[in-house]
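Inspection log for the structure reproduced underneath, given as structure tokens.
Here it is as structure tokens:
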């Protein structure tokens, strides 16, 4: 199960959004990955997400596999949509 | 001093001026190399254990450091430690290390270094300066973990610094910065870093002047050479001439004057330009806090968190123990007002030996006055008796937390009357006219305040819980902290109602939550008509300055406009504008800290 998403917050996936994603993903049993044009990282790893270096405008594919894949996918997707609550 | 003065342009990362001799700190504290070492297959389990053990120990020490710096750092700065904790818990990193141990039979220290090095390298290559800075965090955390393996023995900064010096280093990690002894370090100059680094944020919190991008030759200077760092203009001066020294001494004086002038104002009344006086009080939890409160000019204890003394005893303290504590508190306050909040805990706070409840959601559970009235009335009665008795020795007031109904107040008042009769019979001395106040910290109590106010002698608004319960957010859940908005018009409405009810019933009203210590909200709270602000003692001086610079008419106008706003963003904007106009020196400081 996967879904495309664009980084919309001004600062891109810096430490705080990365932490939010990792924390959110850790709440699900599914395997959740982020794919930046072939570079794949586990959503449960803050370091992995930061090293993706995805700035504003980057398109990513979120994929999830497991029992709660759909919920997990939606939760991560929503974080991007709400721009990680950056004011 | 025959050497020539040299001036360098550097990047300022923390404002202030430091003049002094240097102390060089090498980069030996950072582990930059670990010799390759392999173990036999049967030893890998042991290496894994060593690895997990080291992670655990490092987590503990970070948590301790976080605790130690708790009141010294802004909440946003504490996030540094959370980042470090998240790195330690990083699933991918842990898996990488485990794999290196399991499949390649690498020794634990070696595996840790190698696995983290990959991330360091990638992060260092990222164009975004903010992300690049995170490489320093990984190296910092890694070095802390590797300390457990003694690859890099003994380098205590504290021990190496003699006299007051300016620290010169190639790089300082955030945790090293946090460890710098503030009484010995005048400031620091580092080669690597940026204004957005955690090190810079920490330096600003610690009010330690700092610059980055220092010239290479500074590392090779005789430590007795005098230097100046200018954390305002971004200058570093080696061997300053007498003339330069004069100019900078004056400039340093001016900068330092600001903070010390705040302290000198400790004796001054918190009076607005147009003559309106606000009482400034302190939130404290121990007898020893009274000294700090007086130093910053606290006029009263606006909130004594009595549960803290309960938590330090293995069993709830006896009536006699509590009586002595409250009596001593009153005596140390020299007759000034002391408001004691009765036991305010939930099942989550007091440990199992006393309160053995398992609650799904302790913040919505049996806590505060509920616990006192329902489950633990014996403990509550003991506390009230101690308070009634201590009330003879000064201006003691009782404050009830977590109220949601009028009935709760009536019940407490009945208990107090019973206790008074008891004490009378026993011929024990007690205060016959002790004041009782209601904390307004739930939406229900704020909405019922017209019925509550006639029953009590004062009101105190606990903004932390009021915001939490009104906005329906758990303050410890960082996914929703963006909704922690004290300036949300919904909150202002509740505060406004409370103030009006207090005025109509001729009683005073205080604010004792964190909102009271944020200069941005001072004009708002004043304008809404609050009589007292109670906060952590260290915040008193800055709040006093804000009040003394302000006109009540401006504050009232701001408050009336704020009540019409539709969002907290609009309210904050107006508040910032007013602060910029009235106390630019403080606006500069808080805007800088809020920027990120």
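Chains as they are written, first to last, in this note's numbering: chain G, 4 to 90; chain E, 319 to 914.
Quick reminder that beta carbons are idealized off the backbone N, C-alpha and C, glycines included.
All of these numbers come straight from a predicted model, not from anything done at the bench.
- By the Cβ rule, the region 417-437 of chain E counts as touching the region 361-380 of chain E, because three or more pairs are nearer than 8 angstroms.
- For residue 893 of chain E, the enclosing alpha helix (DSSP H) stretches over residues 886-900.
- At least one C-beta of chain E is nearer than 7 angstroms to the C-beta of residue 88 of chain G.
- The C-alpha of residue 598 of chain E is placed about 45 angstroms away from the C-alpha of residue 460 of chain E.
- Neighbours of residue 401 of chain E in chain G, taken as residues at a C-beta separation under 9 angstroms, are given in chain order as 18, 19, 22 and 49.
- Beta-bridge partners assigned by DSSP to residue 5 of chain G: G:66.
- Around the beta-carbon of residue 521 of chain E, 16 or more other beta-carbon atoms lie within 10 Å, marking it buried.
- Annotated three-state conformation of residue 679 of chain E is coil, per DSSP.
- The alpha-carbon of residue 646 of chain E is positioned some 11 angstroms away from that of residue 608 of chain E.
- No Cβ of chain G is located within less than 7 angstroms of the beta carbon of residue 792 of chain E.
- The beta-carbon separation of residue 829 of chain E and residue 848 of chain E, rounded to 5 angstroms, stays under the 8 angstroms limit for a contact.
- Note on the region 490-558 of chain E: whole alpha helix (DSSP H) runs with a minimum of 4 residues are 492-497 and 516-523, in chain order.
- At a cut-off of 7 angstroms, the C-beta of residue 45 of chain G has a neighbouring C-beta in chain E.
- The C-beta separation of residue 661 of chain E from residue 628 of chain E comes to about 6 angstroms, placing the pair in contact by the 8 angstroms criterion.
- At least 7 angstroms separates the CB of residue 784 of chain E from every CB of chain G.
- When DSSP states are grouped into helix, strand and coil, residue 760 of chain E belongs to the coil group.
- Taking CB atoms only, residue 33 of chain G has no neighbour in chain E less than 7 angstroms away.
- Taking 7 angstroms as the cut-off, the beta carbon of residue 17 of chain G is found closer than this to the beta carbon of residue 449 of chain E.
- Residues of the region 56-83 of chain G with a C-beta less than 7 angstroms from any C-beta of chain E: 56 and 58, listed in chain order.
- Going by DSSP, residue 75 of chain G is part of the alpha helix (DSSP H) stretching over 72-84.
- Within chain E, no C-beta atom comes nearer than 9 angstroms to that of residue 36 of chain G; the closest sits roughly 11 angstroms away.
- If you draw a straight line from the Cα of residue 378 of chain E to the Cα of residue 735 of chain E, it is about 48 angstroms long.
- As summarised for the region 788-845 of chain E, the continuous beta strand (DSSP E) elements at least 3 residues long and confined to that stretch are 826-829, given in chain order.
- The Cβ of residue 53 of chain G sits closer than 7 angstroms to at least one Cβ of chain E.
- Put simply, of E:882, E:844 and E:894 the residue whose alpha carbon is nearest the alpha carbon of residue 871 of chain E is E:844.
- The alpha carbon of residue 491 of chain E has as its nearest neighbour, out of E:458, E:591 and E:841, the alpha carbon of E:458.
- Here the C-alpha atom of residue 541 of chain E lies approximately 10 angstroms from the C-alpha atom of residue 338 of chain E.
- The beta carbon of residue 889 of chain E sits no closer than 7 angstroms to any beta carbon of chain G.
- Rounded to the nearest whole angstrom, the C-alpha separation of residue 643 of chain E and residue 635 of chain E is 10 angstroms.
- Here residue 565 of chain E is exposed: its Cβ has fewer than 16 other Cβ atoms, across all protein chains shown, within 10 Å.
- Between residue 509 of chain E and residue 524 of chain E, the C-beta gap is not smaller than 7 angstroms, which leaves the two residues out of contact.
- Between residue 33 of chain G and residue 69 of chain G, the C-beta gap is smaller than 7 angstroms, which places the two residues in contact.
- Under the three-state reduction of DSSP output, residue 715 of chain E falls in the strand class.
- Of the candidates E:418, E:851, E:350 and E:765, E:418 places its Cα closest to the Cα of residue 366 of chain E.
- Under DSSP, no beta-bridge partner is assigned to residue 61 of chain G.
- Residue environment: residue 617 of chain E is assigned as buried (16 or more neighbouring CB atoms within 10 Å of its CB, all protein chains considered).
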